[in-house]
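Numbering (the UniProt record's numbering), first residue to last: 1 to 394. Ideal Cβ placement from N, Cα and C applies to all residues, glycine included.
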């Protein structure tokens, strides 16, 4: 067997294993996140405390990724940070044994911190091994498996609460996926302890580096600005579901089902989106701001049919965010700077989504028409930076 064929098989196995890891991880924390608010309330926390706790958690989930990214590049040990981050998932089942909201709040913040620690490492590993099969396809396969867990997790808690009537029972059950997550990530590491070497052995590795010698910092800056404004004009599901309910676009029971449908579209389309990127390259990014505005225009209408169609597009966009956007990072950065690049990328997207959600909420309280205007302005600015990014890559 040729060395390249052997490396390709190793790469595929690592991608699939990391997908399984993400699936079990999502079952653990996505299920728990769906009941954080009600559980804190049950323990005696008021709305302000819930808001502060979740706000701190989401802030740390974005901010910590930058220093973690730098640490990954400095130590050249992405597995260490990935395993450490996934190990912190034990904070979720530990919620079952706490009876006070301050302790529960600390565990919730630790869970979010764990995600911040593991994400740059996991993305760095995926970026290295995906070079063997195509970066888009690699991230697409991972996203497909990841979304399976994202759907199953909340369903488990829904089932447990419906039949057992206890949040703690749901948290106790989370020991199973949390432990399996750690087992599978350690097993994945045994397949390739130094994923960067796998990328260096890729036929076009030297060509990639040659292309990067020209205007790397400016190209990366243009890309970050493109991502920032593209995400700034993207409405998250809480504000969308609020609109559906307040304007009676859909019934209360249909709203979570529509979200599950969007997540299914996200997972199913990930592989196709990834392969499309591998074929068309940076040109495929143009779809992101265009589809985002189209989705915004449709989702804030009062027509149920448009609401359903818009959520299909919403799922497609979220899939692009997880596949194409990360694939580009892989193709425009040096191997030695990959951790830092993903850390900054995660922080930029997190801050942009936080700021965008705040703006959407403020504008929605005044007039939906302002949302349409805001979205098209944000996406037009994103297209401007996209053009500069594409030109800088030539």
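- Task: Give every residue of the same chain whose Cβ lies closer than 8 Å to the Cβ of residue 304, excluding the five residues on either side of it in the sequence, and list them in chain order.
- Result: Here the set comprises 249 and 250.
- Message: Closer than 8 Å is the cut-off here; do at least three beta carbon pairs connect the region 351 to 368 with the region 156 to 173?
- Response: No, the region 351 to 368 does not touch the region 156 to 173.
- Rounded separation between residue 358 and residue 368 - CA only: Linking residue 358 to residue 368 through their CA atoms gives a straight-line distance of about 14 Å.
- Let me know if residue 100 comes out buried or exposed under the rule of 16 or more other beta-carbons within 10 Å of its beta-carbon. Exposed, by the Cβ-count rule.
- Message: Under 8 Å, with one C-beta from each stretch per pair, do the region 214 to 231 and the region 341 to 352 reach the 3-pair mark?
- Response: Three or more beta-carbon pairs separated by less than 8 Å link the region 214 to 231 to the region 341 to 352, which places the two stretches in contact.
- Task: Pick helix, strand or coil for residue 29, following the three-state DSSP scheme.
- Result: Helix at residue 29.
- Rounded to whole angstroms, what's the CA-CA distance from residue 275 to residue 89? Just pull it up for me. Going by the C-alpha atoms only, they are around 32 Å apart.
- Message: Short of 6 Å in beta carbon distance, which residues of its chain neighbour residue 152, apart from the five on each side in sequence? Order them along the chain.
- Response: Sequence-distant Cβ neighbours of residue 152 in its own chain, meaning closer than 6 Å and more than five residues away, are 27.
- Is it the case that the Cβ atoms of residue 124 and residue 25 are separated by a distance below 7 Å? Pairing residue 124 with residue 25 gives a Cβ-Cβ distance that is not under 7 Å.
- Exposed or buried, which one is residue 399 when buried takes at least 16 other CB atoms within 10 Å? Outside the displayed range of the chain (1 to 394) lies residue 399, so it cannot be described from this structure.
- Can the beta-carbon of residue 21 be found less than 7 Å from the beta-carbon of residue 185? Inclusion of residue 21 and residue 185 in the CB contact set at 7 Å is warranted, their separation being smaller than that value.
- Taking the CB atoms as reference points, tell me whether residue 143 and residue 349 lie closer together than 7 Å. Contact: no.
- Query: If residue 133 sits next to residue 332, beta carbons under 8 Å apart, how far is it from one beta carbon to the other, in whole angstroms?
  - Reply: 19 Å between Cβ atoms; not a contact.
- Query: By Cβ distance, which residues of its chain are closer than 8 Å to residue 35, with the 5 residues on each side in sequence left out?
  - Reply: For residue 35, where only same-chain residues beyond five positions count, the Cβ hits under 8 Å are 157, 161, 167 and 170.
- Task: Starting from the N-terminal side, write out each stretch of the alpha helix (DSSP H) that is 4 residues or longer and does not extend beyond the region 301 to 371.
- Result: Complete alpha helix (DSSP H) runs here, min 4: 304 to 322, 324 to 332 and 338 to 366.
- Query: If we count the other Cβ atoms within 10 Å of its Cβ and call it buried at 16 or more, is residue 243 buried or exposed?
  - Reply: Counting the other Cβ atoms within 10 Å of the Cβ of residue 243 gives 16 or more, which makes it buried.
- Query: According to DSSP, is residue 164 helix, strand or coil?
  - Reply: Coil.
- Where the alpha helix (DSSP H) through residue 35 begins and ends: Per DSSP, residue 35 belongs to no alpha helix (DSSP H) and is neither H nor E.
- Task: Check whether the Cβ atoms of residue 85 and residue 56 lie closer than 7 Å to each other.
- Result: For the pair residue 85 and residue 56, the CB atoms are not nearer than the 7 Å cut-off.
- Where residue 398 sits in the DSSP three-state scheme: Residue 398 lies beyond the residue range present for the chain, which begins at 1 and ends at 394; the question has no answer from this structure.
- Task: Following the continuous alpha helix (DSSP H) through residue 174, name the residue where it begins and the one where it ends.
- Result: For residue 174, there is no enclosing alpha helix (DSSP H), as DSSP marks it with neither H nor E.
- Contact the region 303 to 318 vs the region 74 to 83: 3+ CB pairs below 8 Å: Contact between the region 303 to 318 and the region 74 to 83 is absent, because fewer than three Cβ pairs lie under 8 Å.
- Distance between residue 270 and residue 205 (C-alpha atoms, nearest Å): Residue placement at residue 205 is poorly supported in this model, since its pLDDT is 48, which falls under 50; the coordinates still yield a value, given next. Residue 205 and residue 270 have their C-alpha atoms roughly 25 Å apart.
- Query: By a C-beta neighbour count over all protein chains shown, 10 Å radius and 16 as the cutoff for buried, is residue 187 buried or exposed?
  - Reply: When all chains shown are included, residue 187 counts as exposed.
- Message: Alpha carbons only, please: which of 285, 121 and 127 is nearest the one belonging to residue 74?
- Response: For residue 74, the closest alpha carbon among the candidates 285, 121 and 127 is that of 121.
- Straight-line Cα distance separating residue 262 from residue 29: Taking the Cα positions, residue 29 is about 19 Å away from residue 262.
- Message: Could you check whether residue 293 and residue 421 sit closer than 7 Å to each other, using their CB atoms as the reference points?
- Response: This structure gives no information on residue 421, because the portion of the chain shown stretches from 1 to 394.
- Go through the region 217 to 263 residue by residue and report every complete run of the alpha helix (DSSP H) that reaches 4 residues or more, in order. The qualifying runs are 237 to 246.
- Task: Check whether the Cβ atoms of residue 189 and residue 392 sit closer than 7 Å, and answer yes or no.
- Result: Cβ atoms of residue 189 and residue 392: not closer than 7 Å.
- Report the option in 50, 77, 282 and 41 whose CA atom is closest to the CA atom of residue 194. Taking residue 194 as reference, the option from 50, 77, 282 and 41 with the minimal CA-CA separation is 77.
- Item | Euclidean distance between Cα positions of residue 258 and residue 291 | If you take the alpha carbons of residue 258 and residue 291, they lie about 19 Å apart.
- Query: Do residue 191 and residue 309 have their C-beta atoms closer together than 7 Å?
  - Reply: With respect to the 7 Å criterion, residue 191 and residue 309 are not classified as neighbours on the basis of their beta carbons.
- Query: With a CB to CB cut of under 6 Å and the five nearest residues on each side skipped, what residues in its chain are close to residue 147?
  - Reply: Cβ within range, chain order: 263, 266 and 267.
- Item | Buried/exposed call for residue 48, threshold 16 Cβ in 10 Å | Under this definition residue 48 is an exposed residue.
- Might you give, ordered along the chain, the residues of its own chain that have their beta carbon closer than 8 Å to the beta carbon of residue 395, omitting 5 neighbours on each side? With the chain covering only 1 through 394, there is no way to say anything about residue 395.
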